[in-house]
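Trainee: Sharing a structure with you now.
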């Protein structure tokens, strides 16, 4: 639980740092690549290349590609058309994606999850009812893809660690995660990166270093380690705790003029969508 709480505070500040200092100023693909490289420099020297099953390595490569590579490319792109409070609110739907993925792995169908998705779209429309345009919905969809891949990474990591127990500490097998992320971030940068949007100000470089070493290296490692130590309900709650904390930080420091009424109403609708998605979750029956 302590790991998850600490990472929640890191995430709360990270969203605002990206939105205020990087989005629109630094190329999104370059920012993601720098974060992966810095985090890899921390963990890859600690990684064991022997005594680790090949299937575990492949699983970690996939998880890294999903949970960081695809997730953060989509996240950075969404900042081009969404405000920081909107990005934070739309990440509330991560537990909905966790539910969908868990149901798929267990071969269950939960119709409430589909209803919840429609309610969530309505909540997004409430927040921007006066300025709804294709770019806004594109940002919303990008974030839902980011939510899905981030949720998939968490779920798959828990399953992978359970299937491949080891006496090695978690950090000795975590470097593969960043190699998987690099498999997405590097081609994305080479194909779509723009050189004239590289960082120019020392503050932008400082933010990238913080995001790479703290948010990406320590943050993702501690989050995944913490996810293995709590139950699914606690993990769902912790996935959303960064939203109120991040909103508080952003509104108090950087964004005092945001339309709070619409944010509150739309956020309440989105939160209701998360509650609806939980209606179809089967609770374990107590043994007699």
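Numbering (the UniProt record's numbering), first residue to last: 1 to 288.
Beta carbons: idealized from backbone N, C-alpha and C, even for Gly.
Bear in mind that the values here come from a model prediction, so they are computed numbers and not experimental data.
#1: For residue 248, tell me which candidate among 16, 141, 193 has the shortest Cα-Cα distance.
#2: Below 6 Å CB to CB, which residues in the same chain sit around residue 38 once its five sequence neighbours on both sides are set aside?
#3: Based on Cα-Cα distance, which residue from 195, 19, 134, 90 lies nearest to residue 147?
#4: Should residue 73 and residue 32 be called a contact, given that it needs their Cβ atoms to be closer than 7 Å?
#5: Ends of the alpha helix (DSSP H) at residue 87?
#6: So, for residue 7: in the same chain, excluding its five sequence neighbours on each side, which residues have a beta-carbon less than 6 Å away from its beta-carbon?
#7: What does the alpha-carbon distance come out to for the pair residue 276 and residue 101?
#8: Just confirm the distance between the C-beta atoms of residue 239 and residue 95, as a whole number of angstroms; I'd bet it's less than 8 Å.
#9: Evaluate residue 92 with the Cβ neighbour count: other Cβ atoms within 10 Å of its Cβ, from every protein chain shown; 16 or more gives buried, anything less gives exposed.
#10: Excluding sequence positions up to five away, which residues of its chain have a Cβ less than 6 Å from the Cβ of residue 145?
#11: Please report the distance separating the alpha-carbon of residue 18 from that of residue 162.
#12: Taking 8 Å as the limit between beta carbons, can you name the residues of its chain near residue 198, skipping five residues before and five after?
#13: Return yes when at least one heavy atom of the ligand NAP lies under 6 Å from the C-beta of residue 249, else no.
Mentor: Based on what the coordinates show:
#1: Its Cα nearest to that of residue 248, the residue 16 stands out among 16, 141, 193.
#2: Excluding sequence neighbours, residue 38 sits near 212, 213.
#3: Of all alpha-carbon atoms in 195, 19, 134, 90, the one lying nearest the alpha-carbon of residue 147 is that of 90.
#4: Yes, the pair counts as a contact, with Cβ atoms nearer than the cut-off.
#5: Looking at the DSSP string, the run of the alpha helix (DSSP H) that includes residue 87 is 84–90.
#6: Within the same chain, residue 7 has close Cβ partners 219, 222, 223.
#7: The C-alpha of residue 101 is placed about 16 Å away from the C-alpha of residue 276.
#8: About 5 Å separates the beta carbons of residue 239 and residue 95, which is inside the 8 Å limit, making them a contact pair.
#9: Buried, because 16 or more other Cβ atoms sit within 10 Å of the Cβ of residue 92.
#10: The residues are 74.
#11: The straight-line gap from Cα to Cα measures roughly 34 Å.
#12: 26, 27, 30.
#13: This structure does not include the ligand NAP; it has no bound ligands of any sort.
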